[in-house]
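The structure appears right after this line, and notes come after that.
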Amino acid sequence: MSVYLLRRLIQALGVVLAMSVIVFIGVFAIGDPVEILISPDADQMERERAIAALGLDLPLWQQYAIFLGKAVQGDLGRSFVFNEPALQLILQRMPATLELAFAATFGAILIGLPLGLYAGLKPNSVGSKAIMAGSILGFSLPTFWVGLMLIMVFAVQLGWLPSTGRGETVEILGTRWSFLTADGLSHLLMPALNLALFKISLVIRLTRAGVRETMLMDYVKFARAKGLSPFRVTFVHVFKNILIPVVTVTGLEFGSTIAFSVVTESIFAWPGMGKLIIDSINVLDRPVIVAYLMIVVMMFITINLVVDLMYSVLDPRVRLESK
Amino acid sequence: MRDSIRMAAAAAVSAAAMAGALGASPAAAQQVLNMGVGSPVTSLDPHYHQLSPNNAVSDMIFDKLVGTDAAARNIPGLATEWRAVGPTTWEFKLRPGVKFHNGNDFTAEDVVFTIQRLPNVPNSPSSYAAYARPIVRMEIVDPLTIRFHTAAPYPLMPMDMTNVRILDATTHANAATEDFNAGRVAIGTGPWRVLSHRSGDRIEFERNPNFWGEAPAFQRVNYRMVTNDATRTASLLSGDLDFIDQVPTSDLARLRRDQNMRLSETVGLRLIFLGLDHLRAENENSPFITDHEGKPLGRNPLRDVRVRRALSMAIDRKAIAERVMEGAATPSGQFLPPGTFSHVPDVQAPAYNPDMARRLLAEAGYPNGFRITLAGPNDRYINDSRIIQAVGQMWTRIGVRTAVEAQTWSTFVGRAGRQEFSSFLIGWGSNPDGSHPLRNILATVSRERGWGASNRGRFSNAEVDSLLTQALVELDEPKREQLLIRAQRIAAEQVAVIPLHIQTNIWAMRRGLTHTPRVDELTRAQDVRPAAQ
Numbered sequence: 001m002s003v004y005l006l007r008r009l010i011q012a013l014g015v016v017l018a019m020s021v022i023v024f025i026g027v028f029a030i031g032d033p034v035e036i037l038i039s040p041d042a043d044q045m046e047r048e049r050a051i052a053a054l055g056l057d058l059p060l061w062q063q064y065a066i067f068l069g070k071a072v073q074g075d076l077g078r079s080f081v082f083n084e085p086a087l088q089l090i091l092q093r094m095p096a097t098l099e100l101a102f103a104a105t106f107g108a109i110l111i112g113l114p115l116g117l118y119a120g121l122k123p124n125s126v127g128s129k130a131i132m133a134g135s136i137l138g139f140s141l142p143t144f145w146v147g148l149m150l151i152m153v154f155a156v157q158l159g160w161l162p163s164t165g166r167g168e169t170v171e172i173l174g175t176r177w178s179f180l181t182a183d184g185l186s187h188l189l190m191p192a193l194n195l196a197l198f199k200i201s202l203v204i205r206l207t208r209a210g211v212r213e214t215m216l217m218d219y220v221k222f223a224r225a226k227g228l229s230p231f232r233v234t235f236v237h238v239f240k241n242i243l244i245p246v247v248t249v250t251g252l253e254f255g256s257t258i259a260f261s262v263v264t265e266s267i268f269a270w271p272g273m274g275k276l277i278i279d280s281i282n283v284l285d286r287p288v289i290v291a292y293l294m295i296v297v298m299m300f301i302t303i304n305l306v307v308d309l310m311y312s313v314l315d316p317r318v319r320l321e322s323k
Numbered sequence: 001m002r003d004s005i006r007m008a009a010a011a012a013v014s015a016a017a018m019a020g021a022l023g024a025s026p027a028a029a030q031q032v033l034n035m036g037v038g039s040p041v042t043s044l045d046p047h048y049h050q051l052s053p054n055n056a057v058s059d060m061i062f063d064k065l066v067g068t069d070a071a072a073r074n075i076p077g078l079a080t081e082w083r084a085v086g087p088t089t090w091e092f093k094l095r096p097g098v099k100f101h102n103g104n105d106f107t108a109e110d111v112v113f114t115i116q117r118l119p120n121v122p123n124s125p126s127s128y129a130a131y132a133r134p135i136v137r138m139e140i141v142d143p144l145t146i147r148f149h150t151a152a153p154y155p156l157m158p159m160d161m162t163n164v165r166i167l168d169a170t171t172h173a174n175a176a177t178e179d180f181n182a183g184r185v186a187i188g189t190g191p192w193r194v195l196s197h198r199s200g201d202r203i204e205f206e207r208n209p210n211f212w213g214e215a216p217a218f219q220r221v222n223y224r225m226v227t228n229d230a231t232r233t234a235s236l237l238s239g240d241l242d243f244i245d246q247v248p249t250s251d252l253a254r255l256r257r258d259q260n261m262r263l264s265e266t267v268g269l270r271l272i273f274l275g276l277d278h279l280r281a282e283n284e285n286s287p288f289i290t291d292h293e294g295k296p297l298g299r300n301p302l303r304d305v306r307v308r309r310a311l312s313m314a315i316d317r318k319a320i321a322e323r324v325m326e327g328a329a330t331p332s333g334q335f336l337p338p339g340t341f342s343h344v345p346d347v348q349a350p351a352y353n354p355d356m357a358r359r360l361l362a363e364a365g366y367p368n369g370f371r372i373t374l375a376g377p378n379d380r381y382i383n384d385s386r387i388i389q390a391v392g393q394m395w396t397r398i399g400v401r402t403a404v405e406a407q408t409w410s411t412f413v414g415r416a417g418r419q420e421f422s423s424f425l426i427g428w429g430s431n432p433d434g435s436h437p438l439r440n441i442l443a444t445v446s447r448e449r450g451w452g453a454s455n456r457g458r459f460s461n462a463e464v465d466s467l468l469t470q471a472l473v474e475l476d477e478p479k480r481e482q483l484l485i486r487a488q489r490i491a492a493e494q495v496a497v498i499p500l501h502i503q504t505n506i507w508a509m510r511r512g513l514t515h516t517p518r519v520d521e522l523t524r525a526q527d528v529r530p531a532a533q
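Here the protein sequences line up with chains A and B, keeping their order.
In terms of the UniProt record's numbering, the first sequence opens at residue 1 and continues consecutively.
In terms of the UniProt record's numbering, the second sequence opens at residue 1 and continues consecutively.
Shown next, in the form of structure tokens:
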């Protein structure tokens, strides 16, 4: 087990290192951040001063070496734009994104599982056909369009929900959370739904497919022949076995929800990491881009690890082994 | 019983009368104004990052020695008057009785401290140091009088001072940019005090009851950054926001029809123009120009003024302003709009004349035209990529077959700066003074003089340079204006760049509010007031 974890950790470090090299070269190739950040009326002297101040006058390998030296000490550099440590900037905005991602993922499971289960158990009913048709919409409609439609309908036309922003927050352990106030919840609802829509459809389809497959298995037939109640058959024997693919997919999806909630965050002006990263890319704020991608890599590796651990809980046949 | 009612009524009437006498209705004063801006504010440090959104917010918290009115004319700020007392000495008389938000007095010491801080803000990606550079020595005559000594006559001193927000020598002695961003030392003399700042999300302000100027109309302001255009408009329509800036042109028609919405607009100071390759000599190839078979021409047609004129005449500026820009632009033939200092009165927007353009091309030796690629950003200026598409079609009509290449600003601006394009679209937000575009865009590139830093086409004209040299040390304003007008006229005759239009700045708000639109694009809460009933 510990060998397994160690291997995972070494893999993670390798990926992070590769990532930082790619970003360094990539940002360098796109353009010069000073050209973008500097006031248009700055003269040549001022431009040179800014380039030197941001350490961009050194050759790329030297910039990278300096970055690596500092990174080892836990300093991922200062944002060119905000003049604040990049890591701190990202961590400040992480709670907002985490909150949104958790709300969307839980929402997807709470809505998707029962619907999928129903559609799997009664595949020919009108209700389940409607569910399946709806899930196609959830897959195929683009997020930005759905987001704008949600705003137009629920905020502009009906006036039920606030259109944008995060609303009132409560501070717990130094971070702000909005799901604890009514105002915050009402702000959370639309962006979370928008982000969850795709996932709901995914969970519905996975659950339905799993249920239909499992219902034909011998052990289910045997359980029914034994005279167990349909409830027990469904929720103990079937349910546990269909959860593995659902856990895998929602786990991986959770990662991409956090990392790439850019569209939803910018449409709903949700002050999370997604908005930060897209703004940073636009102005080539390299320290923030590097730090962000490193965090994302670490996160994906952690999520994969957690998913693997959950497998072994759900299915005792799966062993965590070092090959 | 009846008496007590009468007394209550009398009390109410006199209270209302008193409120009236104070000049502001109490209901209005208690209101919260929710503003939504399209560009994020990156710092509350007024000397860290020169950027319009930052300057707008700095204007709410801090004051400058010289302010600017809505038309960008200089008006008294923390200085009540200023004059050149000698050829190299400017004297500013400071406003008495001004206090910072924390109660500290404003004096000449604070001005000295501020000017000294400008070049010393660590890691600044775009500093304000240039405004301190001409000042070789500062002299405090008395606590409310300060003199700036310069090495050479420097007529632009008052205009430079419209960019420098004054800090407090004691509060800000060791203040870092982070302290400003955290709101701890975001303390100025301006109309609004910072309550809280959440970077990239919102800034909350409360009005400064001791402000020296006109009292702000709202008790509190929620200054929110909503970068998505469609969402910003939707939030205004839904009532979550009272006021937005950067109204997308596609929403203009709808907002104009809406009874509950008001627009506020003015011709701005930002010219959208086409830069041309003046770098390659007559007998050299320009990178994106070929003949119709795709073979190099062996010469750079853009060095011929007739070709440049033809390209300018081939553009139907009115059509672009009306259709592509939905009316939110004014065709122009120069950098500054009418009514600004050193606007050239006799230079009009070039008229659309495709026949004349074809004749000029033939005269220059290109009867069949040539091929060119027009580059431009697609995420920087209003409808930028659609403008170059329109221009491309118009040029193709006179035989100059144009391919259009739109790309993201971060890639585009670097390539333009390395002279990689033959023709490209770009914009320039001027200060209301001809020396600003002349020095940065039209003057010959010179590192020593700090000229032509944004002259990406490398235009160069000795006469323009010599007129600018004279203007930069001329303290007599009418004479200086004439020099600048002459220099700009030559640049227009030589078609140094092809001006297209000046953007209109547009804000939108709910009914019941009124706004003074600013030519400098700044979105500030003190410019919004409840509409007169």
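We treat Cβ as the ideally placed atom computed from N, Cα and C, and that holds for glycine.
Computed from a predicted structure; not experimentally measured.
{"Item": "Contact set for T227(B): own chain, Cβ-Cβ below 8 Å, skip 5 residues either direction", "Value": "G38, S39 and P40"}
{"Item": "Residue-level contact to chain B via CB, D57(A), 8 Å cutoff", "Value": "no"}
{"Item": "Among D142(B), P350(B) and H149(B), nearest to I498(B) - alpha-carbon criterion", "Value": "P350(B)"}
{"Item": "Residues near A9(B) by beta carbon distance below 7 Å, same chain, minus five either side", "Value": "Model confidence at A9(B) stands at a pLDDT of 42, short of 50, so the residue's coordinates are unreliable and nothing is read from them."}
{"Item": "Any chain B beta carbon closer than 8 Å to I36(A)", "Value": "yes"}
{"Item": "Where A314(B) sits in the DSSP three-state scheme", "Value": "coil"}
{"Item": "Contact test: Y381(B) Cβ vs the ligand FAD heavy atom, cutoff 7 Å", "Value": "In the structure on display, the ligand FAD does not appear, and there are no ligands present to speak of."}
{"Item": "Under 7 Å by beta carbon: chain B residues contacting T164(A)", "Value": "V226, T231, S235 and D240"}
{"Item": "Segment contact, 8 Å Cβ cut-off, at least three pairs: the stretch 190-209 of chain A with the stretch 130-137 of chain A", "Value": "yes"}
{"Item": "Residue-chain proximity (L522(B), chain A), Cβ-Cβ < 8 Å", "Value": "no"}
{"Item": "Where the stretch 430-453 of chain B meets chain A: residues whose CB sits under 7 Å from a CB there", "Value": "H436, N440, R447, G450 and A453"}
{"Item": "W212(B), DSSP secondary structure in three states", "Value": "coil"}
{"Item": "Separation of N194(A) from R78(A), as counted between CA atoms", "Value": "33 Å"}
{"Item": "Partners in chain A for E178(B), counting only beta-carbon separations shorter than 8 Å", "Value": "N83 and E84"}
{"Item": "C-beta neighbour in chain B for F80(A), strict 8 Å", "Value": "yes"}
{"Item": "Within chain A, partners of Y48(B) - CB distance below 8 Å", "Value": "N83"}
{"Item": "CA nearest to the CA of S124(B), picked from A53(A), G251(A), L115(A) and S256(A)", "Value": "A53(A)"}
{"Item": "Beta-ladder partner(s) of W428(B), from DSSP", "Value": "L271(B)"}
{"Item": "Members of the stretch 122-133 of chain A near chain B, C-beta cut-off 9 Å", "Value": "none"}
{"Item": "L65(B) and V164(B) closer than 8 Å at C-beta", "Value": "yes"}
{"Item": "Straight-line Cα distance separating H187(A) from T181(A)", "Value": "10 Å"}
{"Item": "Neighbour flag for T42(B) against chain E, beta carbons, 8 Å", "Value": "Of the chains in the structure shown, none is chain E; the protein chains are A and B."}
{"Item": "Min CB distance V156(A) to chain B below 8 Å", "Value": "yes"}
{"Item": "Minimum C-alpha distance to G26(A) - residue among R207(B), I244(B), R486(B) and T411(B)", "Value": "T411(B)"}
{"Item": "Interface flag, N181(B) vs chain A, CB-CB below 8 Å", "Value": "yes"}
{"Item": "Nearest candidate by alpha-carbon position, reference R232(B), set D245(B), R220(B) and N222(B)", "Value": "D245(B)"}
{"Item": "Cross-chain neighbours of N123(B) in chain A, by beta carbon under 8 Å", "Value": "A53, L54, R78, F80 and N83"}
{"Item": "At least 3 beta-carbon pairs within less than 8 Å: the stretch 463-471 of chain B vs the stretch 327-338 of chain B", "Value": "no"}
{"Item": "For Q407(B), the first and last residue of its enclosing beta strand (DSSP E)", "Value": "R401 to Q407"}
{"Item": "contact_flag[the stretch 97-112 of chain A, the stretch 251-263 of chain A] where n(CB pairs < 8 Å) is 3 or more", "Value": "yes"}
{"Item": "From F106(B), I382(B) and N300(B), residue whose alpha carbon lies closest to that of E326(B)", "Value": "I382(B)"}
{"Item": "Sufficient close CB pairs (3 or more, under 8 Å) joining the stretch 217-224 of chain A to the stretch 284-294 of chain A", "Value": "no"}
{"Item": "Residues of the stretch 133-152 of chain A with Cβ closer than 9 Å to any Cβ of chain B, in chain order", "Value": "F144, G147, L148, I151 and M152"}
{"Item": "Test: Q44(A) CB closer than 8 Å to a CB of chain B", "Value": "yes"}
{"Item": "As assigned by DSSP and simplified to three states, the class of E463(B)", "Value": "helix"}
{"Item": "Own chain partners of L167(B) with C-beta closer than 6 Å, once the 5 adjacent residues on each side are dropped", "Value": "T114"}
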